[in-house]
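Before any comments, here is the structure.
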Amino acid sequence: MAEEKLSVRDAVSDTYKYGFTTNVASETAPKGLSEDVIRFISAKKNEPDWLTEFRLKAYRHWLTMAEPHWGMIAYDPIDYQDIYYYSAPKTATAPKKLEDVDPELLKTYDKLGVPLQERAALAGVAVDAVFDSVSVATTFREKLAEKGIVFCSISEAVQLHPDLVRRFLGSVVPYTDNFFACLNAAVFSDGTFVYIPKGVRCPMELSTYFRINAQKTGQFERTLIIADDDSYVSYLEGCTAPQRDENQLHAAIVEIVVMNNAEVKYSTVQNWYPGDKNGKGGIYNFVTKRGLCKGVNAKLSWTQVETGSALTWKYPSCVLAGDNSRGEFYSVAITNNYQQADTGTKMIHLGRGTTSTIVSKGISAGHSQNTYRGLVRMGKGAENARNFSQCDSLLIGGSCGAHTLPNMVSANPTASVEHEATTSKISDEQLYYCRQRGLSAEESVSLIVNGFCKDVMQKLPMEFAIEATRLVAVSLEGSVG
Amino acid sequence: MSAWLEIKDLSAKVGEKEILKGLSLSVGKGEIHVLMGPNGSGKSTLSNVLCGDPMYEVTGGSVTFKGKDLLAESIEERACDGIFMAFQRPVEIPGVTMTTFMKYALNARRRAAGLSEMDAVSFIKRLKIRAKAFDISEEMLKRPVNVGFSGGEKKRMENLQMAVLEPDFCILDEMDAGLDVDAVKVAGAGVQIMRGPERTFFVISHNIGFLREQIKPDFVHILVGGRVVANGGTELMDEVEKNGFSRFYKEA
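From first to last, the protein sequence lines stand for chains A and B. Heads up: the first sequence begins at 0 in numbering that gives the first Met the number 0, then just goes up one per residue. Heads up: the second sequence begins at 0 in numbering that gives the first Met the number 0, then just goes up one per residue.
If you want it as structure tokens, here you go:
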């Protein structure tokens, strides 16, 4: 039972408990962005020429693009020349074994509750830890390798499996896709690479833990997951950052390729620093996540719990190309204080008999703005394709906003699209009832909100569900009374 | 030395409407009190004011509960001090199971009392024994709080919460209203099982048969116009049954 380990009281006693900084010497690229900086990054990583070219092509294209402003988020202009695009802890260039990892870094992940010590690790979770721009440790690699599974940082994958990386990098999210994806293609530093061979069911949860530490540093990680025919993998992603008064940029890409009869479950608990209660500081989170269900009966499921970041701009999507392939999107987005979230999904139905389900739960409190933005597109070939979408919004207090913007486009008369939406408030009667039983106002709100999100929370792997339930309580602190 | 619960000259309003107009009542530990009165006389208002419902504004008077100034406490502090209300129309909380809800409530009260939280196994044991007493199935305990429950099921669940949380001052607001004969019997079970020297009940009802057979009160109070106009025993119920509230209107 997930709730057994939860103590809401513990959870609400701290606001952002991941806001500490680790003191490690780091190596950074010169501030700002130029072809030289990109060559510096590429050289640091000892990359082959084709990848350096890929980066430079992206950079040159990026210079022709303008930052998009169609999202319902407002912020001061970002000075792209005032950011460090590469920062790496000096000691952590390429640790072969866990024993080689800087003890300061191990301590950091220990404090964050991320199990890097394999012997102490929770059964069934392999972790790749990304600190600022580089991967510092990947656990359980040998064990996974026995099954032919590749689980490593993308920098290593470039060296060890160049053919796979070259074939799939940018195949789902091309560098021309959008402004932030293009920036990422030019400067991406590290991230995780996963390859599950044909017919293999990954025996444990794979997980990446992202941590921004250095000041004035952007984080541009890139994750590439390939699930070959008849394979299965469940992948988890967690993120935190120190508490700082400045805004930090995070522009990541996740690309997933799902082949015939394969299944990928991708879960995120996003808890970047959200800024303080007056809206000062926090992470700007501009992320492009997309999966291609390439084969028949391929299945891709996105589950996200978004509680952090000052700004969130993120639409994990599924391109359902293979016949009878299936896409799912389960989302909880919580905004409090002055946070702004514009998030949702795209389900692009191309193949016959493709199906998709969207369940989105938005919770707004304080002065925050929370937008669901979705697109369901039924292509010409999407014979008998079906989509069902449900978007529920919950408002806490009278100063926040919730917006639902579903777009539906169908080019095939046999395809069906269904959309349901509700907006509700936590009622005074509900609060009175809970408090009459002995719960504080904050515990009551957290319980009611967890109930509201239950359908989505149940989709998370167990260990994440506990963390996510705690996060709901923490992120809503101060939202009542 | 004031009584266990001492209500003195209590006045309260909702919006601009004055409902309680100087109500006084002394209540001892281990007693069962029935509150009767015509609609709008202030029975439910009194109950909610004692619980701290923010919809009502106290405009005068005092309430002392176990020697403490009750009106200075928050809703949850009062609850943790032992005040429990069985609601007439309990509200729905989608997605939260009855089991989870009661466990959170019990542990909130245990923390307030300086006790450690009850672990899952002990809690489930405690819950199951009590659920059986109120004829509540395990399936019902897994359903979300009050969602899709019939009138009778809601009352049984209010009783169950009372039995699980073991408060020492229980207010039952029209527990029997709108129920059929069989369900009324179940509604009275809470008082029958829980009555004892350590626990006090306020029972609000218009149903004299229910009060006489199920509740068997020690004291009866008649409220009219926001005041207590008569205090007595079960003979007051007999009089109301025969003549209604007409005599008491005159006294008000």
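Ideal placement from N, C-alpha and C gives every residue a C-beta, glycine not left out. Bear in mind that the values here come from a model prediction, so they are computed numbers and not experimental data.
message: I need the DSSP call for threonine 468/A, collapsed to helix, strand or coil.
response: By 1-based counting over the first sequence, the position of residue 468/A is 469. DSSP places threonine 468/A within a helical segment (H, G or I) once states are collapsed to three.
message: Here's the rule: buried if 16 or more other CB atoms are within 10 angstroms of the residue's CB, otherwise exposed. What is isoleucine 128/B?
response: As a working mapping, residue 128/B is identified with position 129 in the second sequence. Looking at its Cβ environment, which holds fewer than 16 other Cβ atoms inside 10 Å, isoleucine 128/B is exposed.
- prompt: Taking C-alpha atoms, which residue in Val375/A, Ile195/A, Cys292/A, Val358/A lies nearest to serine 230/A?
  reply: Counted from its first residue, the first sequence places residue 230/A at position 231. It is Ile195/A.
task: Could you have a look at glutamine 389/A and say whether DSSP puts it in helix, strand or coil?
output: Position 390 of the first sequence, counted from the start, is the residue given in the question as residue 389/A. DSSP places glutamine 389/A in strand when its eight states are reduced to three.
- prompt: By DSSP, does aspartate 127/A sit in helix, in strand, or in coil?
  reply: Locating residue 127/A in the first sequence gives position 128, counting from the first residue. Strand, per DSSP.
DSSP bridge partner residues for phenylalanine 285/A (one or two, in chain order): Working through the first sequence from its first residue, we reach residue 285/A at position 286. Its beta-bridge partners are Trp312/A.
message: I'd like the span of the alpha helix (DSSP H) that includes valine 185/B, first residue to last.
response: The residue you call residue 185/B lines up with position 186 of the second sequence. Its alpha helix (DSSP H) spans residues 180-193.
task: Under 8 Å between beta-carbons, which chain A residues line up against leucine 70/B? List them in chain order, please.
output: Here residue 70/B refers to the residue found at position 71 when the second sequence is read from its first residue. Per Cβ cutoff of 8 Å: no residues; leucine 70/B is ~16 Å from chain A at best.
task: Output, in chain order, the set of chain B residues within a Cβ distance shorter than 9 Å of isoleucine 506/A.
output: Only positions 0 to 480 of chain A appear in the structure, and residue 506/A is not among them; the question remains open.
message: For a cutoff of 8 Å on Cβ pairs, would you count leucine 438/A as touching chain B?
response: Walking along the first sequence from the start, residue 438/A turns up at place 439. Chain B has a Cβ within less than 8 Å of the Cβ of leucine 438/A.
query: What residue does the beta strand (DSSP E) around histidine 160/A start on, and which one ends it?
result: For the purposes of this step, residue 160/A is identified with residue 161 of the first sequence, where counting begins at 1. Here histidine 160/A belongs to no beta strand (DSSP E), and DSSP marks it neither H nor E.
query: Taking buried to mean at least 16 other C-beta atoms within 10 Å of its own C-beta, is alanine 128/A buried or exposed?
result: Taking the first sequence and counting its residues from 1, the one referred to as residue 128/A is at position 129. By the neighbour-count rule (16 or more Cβ atoms within 10 Å), alanine 128/A is buried.
- request: Could you tell me the distance, in whole angstroms, from the CA atom of arginine 125/B to the CA atom of histidine 160/A?
  value: Taking the first residue of the second sequence as 1, we reach residue 125/B at position 126. Taking the first residue of the first sequence as 1, we reach residue 160/A at position 161. So the two alpha carbons sit approximately 58 Å from each other.
field: is_contact[glutamine 429/A, chain B] using C-beta, thresh 8 Å
entry: As a first step, residue 429/A must be located in the first sequence, where it is residue number 430. Taking CB atoms only, glutamine 429/A has a neighbour in chain B less than 8 Å away.
field: Cα-Cα separation between threonine 58/B and glutamate 327/A, rounded to whole angstroms
entry: Start at 1 with the first residue of the second sequence, and residue 58/B comes out as number 59. Start at 1 with the first residue of the first sequence, and residue 327/A comes out as number 328. A straight line joining the alpha-carbon of threonine 58/B with that of glutamate 327/A spans about 55 Å.
- request: Would you grab the beta carbon distance between asparagine 386/A and glycine 352/A for me? Rounded to a whole angstrom, and I think it's under 8 Å.
  value: Locating residue 386/A in the first sequence gives position 387, where the first residue counts as 1. Locating residue 352/A in the first sequence gives position 353, where the first residue counts as 1. About 12 Å separates the two Cβ atoms, so there is no contact after all.
task: Mark tyrosine 85/A as exposed unless 16 or more other C-beta atoms lie within 10 angstroms of its C-beta, in which case mark it buried.
output: Here residue 85/A corresponds to residue number 86 of the first sequence, with the count starting at 1. By the 10 Å Cβ count, tyrosine 85/A comes out buried.
Cβ separation of glycine 535/A and glycine 290/A, assumed to be a contact under 8 Å, to the nearest whole Å: Residue 535/A falls outside the range modelled here, since chain A spans only 0 to 480, and no answer is possible.
message: Would the region 461-478 of chain A count as touching the region 191-204 of chain B if we require 3 or more Cβ pairs under 8 Å?
response: Taking a contact to require three or more Cβ pairs closer than 8 Å, the region 461-478 of chain A and the region 191-204 of chain B do not qualify as touching.
task: Could you tell me how far apart the beta carbons of asparagine 183/A and isoleucine 255/A are, in whole angstroms, since I believe they sit closer than 8 Å?
output: Within the first sequence, residue 183/A is the residue found at index 184, counting from 1. Within the first sequence, residue 255/A is the residue found at index 256, counting from 1. Not really, about 15 Å apart at Cβ, beyond 8 Å.
message: For glutamate 26/A and isoleucine 82/A, what's the separation of their Cα atoms in angstroms?
response: What you label residue 26/A is simply residue 27 of the first sequence in a count that begins at 1. What you label residue 82/A is simply residue 83 of the first sequence in a count that begins at 1. Cα-Cα distance, rounded: 14 Å.
query: Can you tell which of Gly437/A, Thr191/A, Met461/A, Ala65/A has the C-alpha that lies nearest to the C-alpha of arginine 110/B?
result: The sequence position of residue 110/B within the second sequence is 111, counting from 1. In terms of Cα proximity to arginine 110/B, the closest of Gly437/A, Thr191/A, Met461/A, Ala65/A is Gly437/A.
Cross-chain neighbours of glutamate 442/A in chain B, by beta carbon under 8 Å: To locate residue 442/A, count along the first sequence from 1; it is residue 443. Residues of chain B passing the Cβ test: Tyr103, Ala107.
- prompt: So which residues on chain B does lysine 453/A lean against when the C-beta distance must stay under 7 Å?
  reply: Here residue 453/A corresponds to residue number 454 of the first sequence, with the count starting at 1. Proximity of chain B to lysine 453/A at the Cβ level (cut-off 7 Å) is accounted for by Gly94, in chain order.
Enclosing beta strand (DSSP E) for isoleucine 170/B [first to last residue]: Along the second sequence, one-based indexing puts residue 170/B at 171. Going by DSSP, isoleucine 170/B is part of the beta strand (DSSP E) stretching over 168-172.
- prompt: What do you reckon, are the CB atoms on valine 257/A and alanine 297/A nearer than 8 Å?
  reply: For this step, residue 257/A is matched to residue 258 along the first sequence. For this step, residue 297/A is matched to residue 298 along the first sequence. Here valine 257/A is near alanine 297/A, since their CB atoms are less than 8 Å apart.
For serine 355/A and cysteine 317/A, believed in contact at Cβ under 8 Å, the rounded distance: By one-based count along the first sequence, residue 317/A stands at place 318. By one-based count along the first sequence, residue 355/A stands at place 356. In this structure, cysteine 317/A and serine 355/A form a Cβ contact; the two beta carbons are roughly 6 Å apart against a cut-off of 8 Å.
message: By the DSSP assignment, the beta strand (DSSP E) with cysteine 151/A in it spans what residues?
response: Here residue 151/A is taken as the residue at index 152 of the first sequence, counted from 1. Boundaries of the beta strand (DSSP E) harbouring cysteine 151/A: 149-152, taken from the DSSP string.
message: So, for valine 219/B: in the same chain, excluding its five sequence neighbours on each side, which residues have a beta-carbon less than 7 Å away from its beta-carbon?
response: In the second sequence, counting from the first residue as 1, residue 219/B sits at position 220. Within the same chain, valine 219/B has close Cβ partners Val33, Met35, Gly231, Gly232, Thr233, Leu235, Met236.
task: Taking the CB atoms as reference points, tell me whether phenylalanine 167/A and leucine 223/A lie closer together than 8 Å.
output: Your numbering for residue 167/A matches position 168 in the first sequence. Your numbering for residue 223/A matches position 224 in the first sequence. With respect to the 8 Å criterion, phenylalanine 167/A and leucine 223/A are classified as neighbours on the basis of their beta carbons.
message: Classify alanine 93/A: buried if its beta carbon has 16 or more other beta carbons within 10 angstroms, exposed otherwise.
response: Counting from 1 along the first sequence, the entry for residue 93/A is found at position 94. Residue confidence is low: alanine 93/A scores 48 on pLDDT, short of 50, so the model does not pin down where it sits. No coordinate-derived value is stated.
- request: State the CB to CB distance for the pair glycine 350/A and serine 330/A, rounded to an integer number of angstroms; the pair is presumed to be in contact (CB under 8 Å).
  value: Indexing the first sequence from 1 puts residue 350/A at position 351. Indexing the first sequence from 1 puts residue 330/A at position 331. At roughly 24 Å, the Cβ-Cβ gap does not stay under 8 Å, so glycine 350/A and serine 330/A are not in contact.
task: Kindly indicate if chain A contains any beta-carbon less than 8 Å away from that of lysine 16/B.
output: Here residue 16/B refers to the residue found at position 17 when the second sequence is read from its first residue. No - not a single Cβ of chain A is within 8 Å of the one on lysine 16/B.
message: Tell me whether the region 269-287 of chain A and the region 417-434 of chain A touch, counting them as touching only if at least three CB pairs, one residue from each stretch, are closer than 8 Å.
response: Under the 8 Å Cβ criterion, the region 269-287 of chain A does not count as touching the region 417-434 of chain A, having fewer than three qualifying pairs.
- prompt: Alpha carbon to alpha carbon, how far is aspartate 68/B from glutamate 157/B?
  reply: Indexing the second sequence from 1 puts residue 68/B at position 69. Indexing the second sequence from 1 puts residue 157/B at position 158. Straight-line Cα distance between these residues: approximately 27 Å.
- prompt: From what residue to what residue does the beta strand (DSSP E) around phenylalanine 328/A run?
  reply: Taking the first sequence and counting its residues from 1, the one referred to as residue 328/A is at position 329. Note, phenylalanine 328/A: beta strand (DSSP E), 325-334.
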